[in-house]
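Undergrad: Please read through the structure below; I'll follow up with questions.
Protein chains in written order, with the working numbering: chain F, 36 to 314; chain P, 342 to 732.
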């Protein structure tokens, strides 16, 4: 490629990437400034891209109702509980499918597990409601959502962990056996540390799904337990949507996943690139 | 301190890989298994280690049957071709792994790791991760991990094959001097015949189904059981010449099927071959026994050839010559120069020829009972494969 062409392509690429960045960041920017606006300004016909007056008190008023903060806690407990359970089951199942495919039920069972992610969730909404309603803890509880979200997160965890385990050389385990470690010890000491970055990536994906889930939460919980996703639409005044409060609250709800991501991004990148480049 | 016995060991997947193999490796013996890649050498080690279960047969250590024991209950140490070092642990932790598995106290571990690391000259690398050391150092670490384990049986799978030539030679010398290796039964697998000849107290040549010949380096080199063994040992590879036996003036001669090559049969072997007069044989002629005529004693059998290719390799020269369509590899002294397409007079040491059956490949002139048994074993291996295939 000639020098001139190279610069042209580079310039076009930069323009494209710039536009892309604006496109992805704009909703977040607009959400952030809307959170500071007055209700009147959010409803003006011509949208303003910079608040005329700043109303930081919006962030206080969203927590006026104490159950609103509690909803973030509930969401956190449900997402974390479900992630731990998905990861535990997915790691064991993934290991079995990676190392002992025949004994673990073969490809058919693995694909059946994956197929649980393929139907539209709304198709099982009503049956699931009656199913969980019949359990001792009912639908309106943290445990019901923790278990329900396994339907979506366990297949993901199983399949991703299976791939990570396949990439972890079997010979390392065999070397450990010859060193005198039992299969369980070899798994805990050798194989598990190798797939740790993968486990962290998987747990992020599971956690974010459970944190953001709305459809099932809306039907299942709401009285004893609330998730933050079903609290957001409640910021209304009569028939008027209080956009500023909805944005302020959802901005607060963005903080935990962003914080987690920043904390774990080093592992995430390693986990997501595992298997691309063999190390 | 133990001897290793394999009794009627069988293992196969879609086809038999190891077929009714019997082998005894004595305490302190360094037994090298050499053979082409993919022939089942690693499978054999994995059977001894317990990483694979045999289809039939037994593995015994000092007479104890360990066939059913899982690998972590056997006192067998193995180095893997890929080294199999734990990437997230330091060199020291890698070496210490077998000791930790046996709950050795920390002070002893530190002492043992240090002494093994010093022996292998990797004591300055103990805090590094395997990803931060060179290939040779990785190999030493893997070796350290097996040495420290103080096992009854050592299994070494191509331990130095993937290193560059200089380090390979250095480590090969080190194997000679490692006392720990000399106290136990060691099975060493390689595809490099020079490693095998250099290291093995005894050498087993592995062909399809199992060992086709067992003996000392000298045995195998001078009295190969069959053509497969002769072709596998030696560099450059032995010249293989299809020929016929003929009588000329009551002296047995051999005539190559192609090219104008007529050589008298060594009188010491003639009586063994007399019954094959007028029959086909396959001749094995090692390159070091065919040289330019002026490098051989006067009176050797001579032949005129055309120079095809000449490689001067410093310590020796390799001459590829053409005798009317028959290509022969010959060795020369290193300072010689041969031009392409010039004539050269070659001399052959006829006493060093090997005579093989063209159909079975068996060596026709073996006299020692031991070597005869090896031939018989090779044929039993062949029949074993077919009988197992039927089963």
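Here a beta-carbon is modelled for each residue, glycine too, at the ideal position from N, C-alpha and C. Small disclaimer: the values here were computed from a predicted structure and weren't measured.
Enumerate in chain order the residues of its own chain whose CB-to-CB distance from residue 257/F is below 7 Å, with the five nearest sequence positions on each side excluded.
TA: Excluding residues within five positions, the ones whose Cβ falls inside 7 Å are 175 and 265.
Undergrad: Return no unless some Cβ of chain P is closer than 8 Å to the Cβ of residue 206/F.
TA: Judged by the 8 Å Cβ criterion, residue 206/F is in contact with chain P.
Undergrad: In angstroms with no decimal places, state the Cα-to-Cα distance between residue 128/F and residue 491/P.
TA: Roughly 36 Å between the two C-alpha positions.
Undergrad: Between which two residues does the alpha helix (DSSP H) carrying residue 656/P extend?
TA: It is not in any alpha helix (DSSP H) - residue 656/P carries neither H nor E in the DSSP assignment.
Undergrad: So if I threshold CB-CB distances at 9 Å, which residues from the stretch 123-139 of chain F count as touching chain P?
TA: Correct list: empty, as no residue qualifies.
Undergrad: Looking only at its own chain, which residues have a Cβ that is under 8 Å from the Cβ of residue 254/F, when we skip the five neighbours before and after it?
TA: Around residue 254/F: 160, 164 and 174.
Undergrad: Quick one: any contact between the stretch 347-365 of chain P and the stretch 279-291 of chain F, if contact means 3 or more CB pairs under 8 Å?
TA: No: fewer than three Cβ pairs fall under 8 Å.
Undergrad: Rounded to the nearest angstrom, how far is the Cβ of residue 606/P from that of residue 594/P, given a contact under 8 Å?
TA: Their Cβ separation, rounded to whole angstroms, is 6 Å, which keeps residue 606/P and residue 594/P in contact under 8 Å.
Undergrad: Determine the direct distance from the alpha carbon of residue 200/F to that of residue 653/P, and round the result to whole angstroms.
TA: So the two alpha carbons sit approximately 51 Å from each other.
Undergrad: Taking CB distances under 8 Å as the criterion, tell me whether residue 534/P reaches chain F.
TA: Not an interface residue.
Undergrad: Would you kindly work out how many angstroms separate the C-alpha atoms of residue 632/P and residue 689/P, rounded to a whole number?
TA: Straight-line Cα distance between these residues: approximately 7 Å.
Undergrad: When the Cα atoms are used, what is the spatial distance from residue 516/P to residue 147/F?
TA: If I take the Cα positions, the gap works out to 53 Å.
Undergrad: On the DSSP bridge list, what partners appear for residue 491/P?
TA: None; residue 491/P has no bridge partner.
Undergrad: Can you tell me where the alpha helix (DSSP H) with residue 382/P in it begins and where it stops?
TA: Looking at the DSSP string, the run of the alpha helix (DSSP H) that includes residue 382/P is 382-390.
Undergrad: Can a CB atom of chain F be found closer than 8 Å to the CB of residue 412/P?
TA: Closer than 8 Å to some Cβ of chain F, the Cβ of residue 412/P qualifies, so yes.
Undergrad: Can you name the residues of chain F whose CB is closer than 8 Å to the CB of residue 733/P?
TA: This structure does not reach residue 733/P, given that chain P is present from 342 up to 732, and the question cannot be answered.
Undergrad: Of all the CB atoms in chain F, is at least one closer than 8 Å to the CB of residue 453/P?
TA: No, because no Cβ of chain F sits closer than 8 Å to the Cβ of residue 453/P.
Undergrad: Who are residue 351/P's beta bridge partners in DSSP?
TA: 397/P, per the DSSP bridge assignment.
Undergrad: Could you check which residue in 641/P, 404/P and 666/P has the C-alpha nearest to that of residue 686/P?
TA: Residue 686/P has its Cα closest to that of 641/P, out of 641/P, 404/P and 666/P.
Undergrad: Please list the partners that residue 215/F has in chain B, where partner means a Cβ-to-Cβ separation under 7 Å.
TA: The chain inventory of the structure shown lacks chain B, comprising the protein chains F and P.
Undergrad: Measuring CA to CA, which of 696/P, 444/P, 659/P and 621/P is closest to residue 679/P?
TA: The shortest Cα separation from residue 679/P among 696/P, 444/P, 659/P and 621/P belongs to 659/P.
Undergrad: Would you mind listing the alpha helix (DSSP H) stretches within the stretch 152-212 of chain F that are 4+ residues and don't spill past its ends, in chain order?
TA: Counting whole runs of 4 or more residues, the stretch 152-212 of chain F contains the alpha helix (DSSP H) stretches 160-168, 177-183 and 185-202.
Undergrad: Residues of chain P with CB closer than 8 Å to the CB of residue 225/F, please, in chain order.
TA: Going along chain P in sequence order, the residues near residue 225/F (Cβ under 8 Å) are 427.
Undergrad: Any idea what DSSP makes of residue 517/P, helix, strand or coil?
TA: Looking at residue 517/P - three-state DSSP - the assignment turns out to be helix.
Undergrad: For the stretch 386-400 of chain P, list every residue whose C-beta sits within 7 Å of some C-beta in chain F, in sequence order.
TA: Residues passing the 7 Å Cβ filter: 390 and 392.
Undergrad: Quick check: the Cα distance between residue 145/F and residue 187/F, rounded to an integer number of angstroms?
TA: Spanning the two alpha carbons is a distance of roughly 14 Å.
Undergrad: Tell me whether residue 652/P sits in a helix, a strand or coil according to DSSP, three-state version.
TA: Strand at residue 652/P.
Undergrad: Note the first and the last residue of the continuous alpha helix (DSSP H) segment covering residue 670/P.
TA: From DSSP, residue 670/P is part of no alpha helix (DSSP H) but of the beta strand (DSSP E) over 667-673.
Undergrad: Is residue 697/P closer than 8 Å to residue 733/P when the C-beta atoms are compared?
TA: With chain P represented from 342 up to 732, any question about residue 733/P goes unanswered, as that position is not in the structure.
Undergrad: Is the CB of residue 526/P under 8 Å away from at least one CB in chain F?
TA: For residue 526/P, the answer is no, since every Cβ of chain F falls outside 8 Å of its Cβ.
Undergrad: Within 10 Å of its beta-carbon, does residue 297/F have 16 or more other beta-carbons around it, so buried, or fewer, so exposed?
TA: Exposed, since its Cβ has fewer than 16 Cβ neighbours within 10 Å.
Undergrad: With burial defined as no fewer than 16 other Cβ atoms inside 10 Å of the residue's Cβ, what is the status of residue 534/P: buried or exposed?
TA: Answer is buried; the Cβ neighbour count reaches 16.
Undergrad: Just reading off the beta strand (DSSP E) that residue 363/P is part of, what are its end residues?
TA: First-last of the beta strand (DSSP E) with residue 363/P: 357-366.
Undergrad: Looking at residue 565/P and residue 571/P, is the spacing between their C-beta atoms short of 8 Å?
TA: For residue 571/P and residue 565/P, yes; Cβs fall inside 8 Å.
Undergrad: Check whether chain P comes within 8 Å of residue 228/F, counting only Cβ atoms and requiring the distance to be less than that.
TA: Closer than 8 Å to some Cβ of chain P, the Cβ of residue 228/F qualifies, so yes.
Undergrad: Go ahead and pull the three-state DSSP assignment for residue 237/F.
TA: Residue 237/F falls in the helix class under three-state DSSP.
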